[in-house]
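Since the structure comes first, as structure tokens, the remarks are kept for the end.
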Amino acid sequence: MSPERTPHPEFRTRQAMADLDALIRAGRPDLPARIAARIPVETGAADALDAIRTGADPVSVPTGAGDALRLAAATPDDDFGAFIWASAILVRGALAGSGLGPELAEYWDALADHYRIAPAAQRAALANGIDRLAAGSGLDLDSAPGPRDRLTRPRSAVMPPLVALARRMPPGLRDEVAAPGRAAIETALAVPDAWFEDPGEDLPVDPARLSAEPPDAPGFAPCVALLILGGTVNAAARAGAAQLWSGRSAAILALDRSDRAAILGGLRWLYESDPDWTAEGAVTLPLD
């Protein structure tokens, strides 16, 4: 049975929908025809599915196209690519109110091992979508998506670029922001390899101070990186990172590509690893 969960309907649902939209738009152009061919007597199904691939709302799918989607989503061994793409459309539609929740619970319970062998971003998008359905509507799952199901990238891949970015903090600023927990912070930044997998202790950063660095200052991106690092082990920093994304998303998205990728990867890890992490009112996190 699924555990009781906090709904957080706005940001977390919008984020799950945005990730599924990205998966759907990235679908191969031949997927609509492959899926429609499963029920050849239906006409117009391929066109309806291609419209969804190019941006149409998947909440109201014509009957023939819907039947083809459900068949594809139930038969991964016949066409795995079609299985993943059809599942994404059905989950995305359910999040928008199509009423397919109970049916999707059966799919997840029966086919979870198939979802888990999809490419990481696809698997995470589907797992987070199912997770939102479970939290928002009491979807009754025998086994809900687990933490590893929901992660696009593991902690060990996300933390190194954040540490490298935090190390670029100007020395005077580093002395100032490290004051709340100098030993722990300096240890994390100096010898991080083991810390990537198991931090072992708190990282007592000051969310208010790290969030206050002006976006045009050289210490802005390093401060954001340190705040996210703190958020991996510290509830106050986790909340501070959510508030920072809500208020400073435009500044973060305007950073150079490597800094932006490190920060977005860290924020996404917080979103995917903590089912209660939410940045209400914020724009959704892109896959960078």
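Take the position in the sequence shown, starting the count at 1, then add 720; the result is the number in my numbering. Idealized CB from N, CA, C, for every residue including glycine. Quick caveat, the model's predicted, so the values are computed rather than measured.
Glu-992 vs Asn-848 beta-carbon contact at 8 Å: Yes, the Cβ-Cβ distance between Glu-992 and Asn-848 is below 8 Å.
Within 8 Å, strictly: CB atoms of Thr-872 and Ala-844: It is a contact, given that the beta carbons lie within the stated cut-off.
6 Å CB neighbourhood of Ile-983 in its chain, flanking five on each side removed: Counting only residues of its own chain and dropping the five nearest sequence neighbours on each side, Ile-983 has a CB closer than 6 Å to the CB of Val-944 and Ile-972.
Identity of the residue in Pro-880, Leu-853, Ala-840 and Ala-932 nearest Leu-1007 by Cα: The candidate whose alpha carbon is nearest that of Leu-1007 is Ala-840.
Outcome for Thr-998 when other beta-carbon atoms lying within 10 angstroms are tallied against a minimum of 16: The residue is buried, with at least 16 neighbouring Cβ atoms inside 10 Å.
Ser-807 burial status per 10 Å Cβ neighbour count (16 or more: buried): The residue is buried, with at least 16 neighbouring Cβ atoms inside 10 Å.
For Ile-837, three-class secondary structure by DSSP: DSSP places Ile-837 outside both helix and strand once states are collapsed to three, so it counts as coil.
Cα-Cα separation, Ala-970 to Pro-880: The alpha-carbon atoms of Ala-970 and Pro-880 are separated by roughly 24 Å.
As assigned by DSSP and simplified to three states, the class of Ile-759: In the displayed model, Ile-759 falls within coil according to three-state DSSP, outside both helix and strand.
Whether Ile-804 touches Ala-838 by CB criterion (8 Å): Contact: yes.
First through last residue of the alpha helix (DSSP H) which encompasses Trp-997: Taken as a continuous stretch (DSSP letters only), Trp-997 belongs to no alpha helix (DSSP H), as it is neither H nor E.
Residue range of the alpha helix (DSSP H) that includes Ala-765: From DSSP, the alpha helix (DSSP H) with Ala-765 extends over 765 to 773.
C-alpha distance - Ala-886 paired with Thr-1004, whole-angstrom precision: Taking the straight line joining both Cα atoms gives about 24 Å.
8 Å Cβ cutoff met for Ala-830 and Ile-755: Result no, Cβ atoms of Ala-830 and Ile-755 do not sit closer than 8 Å.
Beta-carbon gap between Pro-778 and Gly-813 smaller than 8 Å: Against a cut-off of 8 Å, the Cβ pair of Gly-813 and Pro-778 comes out as a contact.
Classification of Ser-978 by the beta-carbon crowding that lies within 10 angstroms, buried from 16 upward: When all chains shown are included, Ser-978 counts as exposed.
Limits of the unbroken alpha helix (DSSP H) element including Asp-897: Sequence check: residue 897 is Val here, not Asp. Boundaries of the alpha helix (DSSP H) around Val-897: 891 to 897.
Whether Leu-882 touches Leu-930 by CB criterion (8 Å): One thing to note: Leu-882 has its Cβ no nearer than 8 Å to the Cβ of Leu-930.
Pairwise C-alpha distance: Asp-798 and Glu-823: Taking the CA atoms as reference points, Glu-823 sits about 20 Å from Asp-798.
Own chain partners of Ser-863 with C-beta closer than 7 Å, once the 5 adjacent residues on each side are dropped: Correct list, in chain order: Asp-829 and Ala-832.
Cβ neighbours of Ile-772 in the same chain (closer than 7 Å, five flanking residues each side left out): The beta carbon of Ile-772 sits closer than 7 Å to those of Ile-744, Pro-778 and Ile-809, all from its chain and outside the five residues before and after it, given in chain order.
Integer-rounded CB distance, given that Arg-868 should sit under 8 Å from Asp-851: With a Cβ gap of about 12 Å, Asp-851 and Arg-868 do not count as contacting.
Status (buried if at least 16 other CB within 10 Å, exposed otherwise) for Pro-752: It is buried - the Cβ of Pro-752 has at least 16 other Cβ atoms within 10 Å.
Simplified DSSP state of Asn-848, which is helix, strand or coil: Asn-848: helix per DSSP, three-state reduction.
Ala-794 versus Trp-989: straight-line alpha-carbon distance, rounded: When the Cα atoms are used, Ala-794 and Trp-989 turn out to be separated by approximately 30 Å.
CA-to-CA distance, Gln-735 to Ala-792, given in whole angstroms: The alpha-carbon atoms of Ala-792 and Gln-735 are separated by roughly 25 Å.
Span separating the alpha-carbon of Glu-1000 from that of Ala-959: Cα to Cα, Glu-1000 sits roughly 11 Å from Ala-959.
Proximity to Met-889 [Cα-Cα], best of Gly-764, Glu-906 and Gly-951: The option with the nearest alpha carbon to Met-889 is Glu-906.
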